[in-house]
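Residue numbers (the numbering used here): 79 to 401.
Next comes the structure, spelled out in structure tokens:
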């Protein structure tokens with residue numbers, strides 16, 4: 079069997095960084111507990127990912143790795159907290175594409191600049207998105223939804239996890255590609271799912287992990303998934319591309335630290351995260367959350383941030399989402 083491309087990339091990254099990691103280990107990093115800050119509440123997909131990663135890093139580092147949930151303001155509360163800590167690698171930030179690539183366009187008075195103030199450590203994984211709907215509201219799947227939306231411009235509400243959140247931008251892209259007008263209803267916390275289930279906001283774009291149990295239970299209908307091919311978790315749900323729509327939405331998560339964290343520390347953490355990503359048990363955890371592992375050297379984070387800031391900045395400005 080051929081070795082998957084992503085595994086080859088991770089193996090290369092681990093080998094390339096092993097010398098620097100071993101050298102820094104002699105200086106006893108980490109010498110005290112490490113905090114892994116998550117910008118969402120406990121129990122969310124991000125939180126589950128963080129706790130799985132923290133456990134494996136604890137096993138490697140032999141010190142506590144404590145997950146701290148600091149939700150609010152689309153990740154800016156968590157980001158500002160991390161930036162208020164020493165630049166020594168003992169405070170890690172599990173950030174998503176919204177926190178690192180979108181927020182500078184959403185908040186003109188943002189107190190920090192993600193590309194200036196954070197240093198990338200590793201891109202963990204990427205999640206596909208799925209368009210879901212309240213059962214029975216739209217007959218005929220995605221075509222039926224589009225037909226109704228075109229007949230009732232602006233009358234159909236959709237939920238999101240907040241203004242400028244990736245779930246918001248993803249649905250805005252769907253509306254643009256389909257040529258329909260929808261009304262956005264932003265929520266914080268679990269309000270979006272509650273509204274979606276009740277039918278008040280009958281459609282939403284979300285990461286697969288966030289809605290898969292509801293789909294399985296028949297409480298939501300799945301109309302389309304992002305990506306170039308169908309996903310194993312939802313084999314009967316066609317892609318947007320299959321149905322004639324180009325909808326490509328980033329859903330990645332990365333570990334970053336405060337800028338000026340010593341390079342050997344960043345390299346050590348990167349090497350250990352890449353090693354965790356190669357672990358079969360952790361890959362099962364990712365698969366359970368419908369996440370595709372990425373990994374690679376620290377500069378991969380900056381590449382992803384730059385790519386998606388360039389791709390989505392103009393869209394955010396056009397939506398006039400500035401807070």
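All residues carry an ideal CB built from backbone N, CA and C; glycine is no exception.
Practice task
Could you check which residue in 172, 209, 154, 398 has the C-alpha nearest to that of residue 274?
Solution key: 209
Practice task
Only counting runs of 4 or more residues, tell me where the alpha helix (DSSP H) segments fall wholly within the segment 203-239, in order along the chain.
Solution key: 219-229
Handout entry: Identity of the residue in 257, 171, 157 nearest residue 333 by Cα
Key = 171
Problem - residue 171: first and last residue of the uninterrupted beta strand (DSSP E) it sits in - result: 169-174
Exercise for the section: Measure the alpha-carbon distance for residue 382 versus residue 110 and round it to whole angstroms. Expected result: 31 Å
Practice task
Provide the residue(s) that pair with residue 317 in DSSP beta bridges, ordered along the chain.
Solution key: 303
Handout entry: residue 262, DSSP secondary structure in three states
Key = strand
Exercise for the section: Give the straight-line distance between the Cα atoms of residue 305 and residue 279, rounded to the nearest whole angstrom. Expected result: 25 Å
Practice task
Leaving aside the five residues before and after residue 297 along the sequence, list all residues of the same chain whose C-beta is less than 8 Å from its C-beta, in chain order.
Solution key: 213, 275
Problem - Residues of its chain near residue 163, where Cβ-Cβ distance is below 6 Å and the 5 sequence neighbours each way are ignored - result: 169
Exercise for the section: Keeping to the same chain, check which residues put their C-beta closer than 8 Å to that of residue 226; ignore five residues upstream and five downstream. Expected result: 216, 234
Handout entry: Cutoff 7 Å; reference residue 190; Cβ partners in own chain excluding five residues on either side
Key = 157, 158, 161
Practice task
Please classify residue 295: does DSSP put it in a helix, a strand, or coil?
Solution key: coil
Exercise for the section: Using a threshold of 7 Å, state whether the C-beta atoms of residue 386 and residue 179 are closer than that. Expected result: yes
Handout entry: Beta-carbon spacing of residue 143, residue 376 below 7 Å
Key = no
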